[in-house]
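Input: a single structure, listed below in structure tokens.
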Amino acid sequence: MTEQNIDLYKELKKYFGFSQFKGLQEKVVTSIISGNNTFVIMPTGGGKSLCYQLPALVLEGTAIVVSPLIALMKNQVDAIRSMGSDIGVAHVLNSSLNKTEVNQVKADILSGKTKMLYVAPESLTKEDYIQFLQTVKISFVAIDEAHCISEWGHDFRPEYRNLRSIIKQLGDVPIIGLTATATPKVQEDILKNLDMPNANTFKASFNRPNLYYEIRPKTKNVQGDLIRFIKQHKGKSGVIYCLSRKKVEEIAQVLQVNGISAVPYHAGLDAKTRAKHQDMFLMEDVDVVVATIAFGMGIDKPDVRFVIHHDIPKSLESYYQETGRAGRDDGEGICLAYYSYKDIEKLEKFMSGKPIAEQEIGYALLQEVVAYAETSMSRRKYLLHYFGEEFDEVNGDGADMDDNVRNPKKKTEAQDQIVTLLEVINDTKQLFKPKEVILALVGKINAIIKAQKIDTLKTFGSGKEHDEKYWMALIRQILVAGLISKDIESYGVLKVTKAGNDFIKKPYSFMVAEDHEFSEEEDENIIA
Ligand code: ADP
1 MTEQNIDLYK ELKKYFGFSQ FKGLQEKVVT SIISGNNTFV IMPTGGGKSL CYQLPALVLE
61 GTAIVVSPLI ALMKNQVDAI RSMGSDIGVA HVLNSSLNKT EVNQVKADIL SGKTKMLYVA
121 PESLTKEDYI QFLQTVKISF VAIDEAHCIS EWGHDFRPEY RNLRSIIKQL GDVPIIGLTA
181 TATPKVQEDI LKNLDMPNAN TFKASFNRPN LYYEIRPKTK NVQGDLIRFI KQHKGKSGVI
241 YCLSRKKVEE IAQVLQVNGI SAVPYHAGLD AKTRAKHQDM FLMEDVDVVV ATIAFGMGID
301 KPDVRFVIHH DIPKSLESYY QETGRAGRDD GEGICLAYYS YKDIEKLEKF MSGKPIAEQE
361 IGYALLQEVV AYAETSMSRR KYLLHYFGEE FDEVNGDGAD MDDNVRNPKK KTEAQDQIVT
421 LLEVINDTKQ LFKPKEVILA LVGKINAIIK AQKIDTLKTF GSGKEHDEKY WMALIRQILV
481 AGLISKDIES YGVLKVTKAG NDFIKKPYSF MVAEDHEFSE EEDENIIA
């Protein structure tokens, strides 16, 4: 079929039973069918799969779908097969198949029966598979979870880096990259790495207006607080994320002892128990799953009413993905996270054995989590800004859905202070991260300040009348307002934007609130 003679709505109905496309789907499908390189950024639940499945079904040849997880591939393939026997067949090609099975898959591809071939990136490196794929008609290559390409994503997978050169060996086939999580830096990396700078890019809004965001200090009685919260939401489904398996077991037990129907889920449990607990949650035999991040990928339970982070995650991408599992049916979705700086230090410690570059990236991602947790500005605005999206915190959809907006802190005028701050960044040649900029403002010295002779500049100490915490809050707020930007490539060096330089020339009223103070007590208290 060619683009001209395809009735997309008819095909949509025929294969998927839907009468309407969702969001940007129609545009994406049209782009792929027309043979264009295409890049799709849509939040979880946005309907990404259909974006490549429909073109795969209507185009001549076989589409290769690269996906990182065998379990996810199996789900997808089963779902496609359940659509009916006359519908294009999907196959998985991976190391779990024996020789006879591989031959069967190859025969189906050659006969034109297979419309979608799911492969893990490492399978694609097999010379035998490549040679075979060179002999068949490939309609396009879809790369799911494309953020795995970037070291700046939260789930970097080195084998994704080789995809482009492998695809080149397959001839001139269009590529479609899809992801549910990509900061501007990660987006840039994906386009660069797949060598498709002019790809048609479709980005859906990441705003989830029905989700309510709240951060609570992680104090001694966090478990008591957790139990109270769950009891207030009795009978509703929820997920509680913890960092370690040990914590998962502990919290699950504490909840059970307190009369809450909860099960643990983590990679240390055997596959049977994991599957059982997952099913119990999906079938509503239990209300709560206490889990590590092993839980959730590909789970589509629409009525999860709360997602609680007992431990703060290691990046805002993870936070966004995990909280995104709440309220997928557009109903209530409360996202509660407990935060203590001690947990950040623990996460930093975990990273200490890794290569330096990885540590730096991990540290920069963690600082974003700290900023998000400590800020007193609109959490939705902060989060969306992180994903490269503007949000109107007064009139935007879901504007009042967070703790900060509902309980605003007193704001003070910061016009003059912002000028001082911007001048210090300029005076220090836009070479430093927040830490050094703040030291320069308050007139304190560390090794870098000394070595770079920042203490000899005329602006050194020009912000003495406020403390370091005040300046940190100000930096975070003017960053989101676009007066400064953070150079990710150099792990967070601050630059003054054009809007920032305009502000120096012509300052205007700018009200800011101080960040939250968080207690640093550990939770040791176990309620029996
Ligand atoms: P993602 O991969 O982006 O998380 P999915 O592809 O799993 O999203 O789709 C999310 C849900 O939306 C699925 O339940 C799917 O059946 C549904 N869906 C997708 N496209 C449509 C559509 N055009 N109309 C109605 N429902 C749709």
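Heads up: the sequence shown begins at 1 in full-length UniProt numbering, then just goes up one per residue.
In this text, a Cβ means the ideal position worked out from N, Cα and C, and glycines have one as well.
Using the beta-carbon count (16 or more within 10 Å), is I41 buried or exposed?
I41 is buried by the Cβ-count criterion.
Could you spell out the range, first to last residue, of the beta strand (DSSP E) harbouring T412?
Annotation: the continuous beta strand (DSSP E) that includes T412 extends over K411 to E413.
How would you call I417, buried or exposed, if buried means at least 16 neighbouring beta carbons within 10 angstroms?
Position check: residue 417 holds Gln in this sequence, whereas Ile was assumed. The residue in question, Q417, is buried, as its Cβ has 16 or more Cβ neighbours within 10 Å.
Can you give me the C-alpha to C-alpha distance between D467 and I445, rounded to a whole angstrom?
Each residue's alpha carbon lies about 14 angstroms from the other.
Go ahead and pull the three-state DSSP assignment for K13.
Shown here, K13 sits in a helix according to DSSP, grouped into three states.
Flag T38 as yes when its Cβ comes closer than 7 angstroms to any non-hydrogen atom of the ligand ADP, and as no otherwise.
No, Cβ of T38 sits at least 7 angstroms from all heavy atoms of the ligand ADP.
For S150, would you say it is in contact with chain D, using Cβ-to-Cβ distances shorter than 8 angstroms as the test?
Going by chain labels, chain D is absent from the structure shown, which holds only one protein chain.
Would you call the CB atoms of L316 and L383 closer than 8 angstroms?
It is a contact, given that the beta carbons lie within the stated cut-off.
What residue range is occupied by the uninterrupted beta strand (DSSP E) comprising N501?
First-last for N501: K498 to K505, but that is the alpha helix (DSSP H), not the beta strand (DSSP E).
For C335, which beta-bridge partners are listed by DSSP?
Paired residues: Y213 and V307.
Quick one: is the Cβ of L50 within less than 7 angstroms of any heavy atom of the ligand ADP?
Yes, since a heavy atom of the ligand ADP falls inside the 7 angstroms radius drawn around the Cβ of L50.
Going by CA-CA distance only, name the one from E322, V304, I260 and N207 that's closest to D397.
D397 has its Cα closest to that of N207, out of E322, V304, I260 and N207.
Taking D300 as the reference, which of K126, G324 and H277 has the closest Cα?
Nearest C-alpha to D300: G324.
Straight-line CA distance for F503 to G362?
If you take the alpha carbons of F503 and G362, they lie about 32 angstroms apart.
Give the DSSP-derived three-state secondary structure of T30 in the structure shown.
The three-state reading of DSSP puts T30 in helix, counting H, G and I together.
Return the bridge partner residues of D402 from the DSSP annotation.
Answer by DSSP bridge pairing, in chain order: Y213.
Classify I109 as buried or exposed, calling it buried when 16 or more other Cβ atoms lie within 10 Å of its own Cβ.
It counts as buried.
Report yes or no: do the stretch 300-310 and the stretch 218-238 share at least 3 C-beta pairs separated by less than 8 angstroms?
In short, these stretches touch, since the Cβ pair count reaches three.
Relative to the C-alpha of V370, which residue among N210, E348 and G353 is closest?
Comparing Cα positions, the closest option is E348.
Please work out which residues of its chain come closer than 6 angstroms, Cβ to Cβ, to L422, disregarding the five sequence neighbours upstream and downstream, and give them in chain order.
Scanning its chain for C-beta atoms nearer than 6 angstroms, with the 5 sequence neighbours on each side dropped, one finds around L422 the residues V496, G500 and I504, in chain order.
Helix, strand or coil for Y508, going by three-state DSSP, please let me know.
Y508 falls in the coil class under three-state DSSP.
contact_flag[the stretch 339-348, the stretch 214-229] where n(CB pairs < 8 angstroms) is 3 or more:
With the cut-off at 8 angstroms, the stretch 339-348 and the stretch 214-229 touch.
Cα separation between H516 and I215?
Looking at the backbone, the Cα of H516 and that of I215 are separated by about 10 angstroms.
If you drop the 5 nearest sequence neighbours on each side, which residues of the same chain put their C-beta closer than 8 angstroms to that of T114?
Cβ within range, chain order: T62, G88, V89, A90, H91, V105 and D108.
The beta strand (DSSP E) enclosing K486, as first and last residue numbers:
K486 -> beta strand (DSSP E) spans I484 to D487.
CA-to-CA distance, G482 to residue 534, given in whole angstroms
Missing from the structure shown is residue 534; the chain here goes from 1 to 528 and no further.
Residues in the same chain with beta-carbon distance under 7 angstroms from I167, minus the five sequence neighbours each way, listed in chain order, please.
Cβ within range, chain order: V141, V173 and I175.
In whole angstroms, give me the CA-to-CA distance for I438 and R406.
Across the structure, I438 and R406 are spaced so that their CA atoms are roughly 30 angstroms apart.
Coil, strand or helix - H277 by DSSP
Helix.
With 16 as the cutoff for other CB atoms within 10 Å, does residue 547 come out buried or exposed?
For residue 547 there is no data in the structure shown, the boundaries of the chain being 1 and 528.
Check whether the stretch 47-59 and the stretch 182-197 are in contact - that is, three or more C-beta pairs closer than 8 angstroms.
Under the three-pair Cβ rule at 8 angstroms, the stretch 47-59 does not count as touching the stretch 182-197.
Count the other C-beta atoms from every protein chain shown that fall within 10 angstroms of the C-beta of I356, then say buried if there are 16 or more, exposed otherwise.
Per the 10 Å Cβ criterion, exposed.
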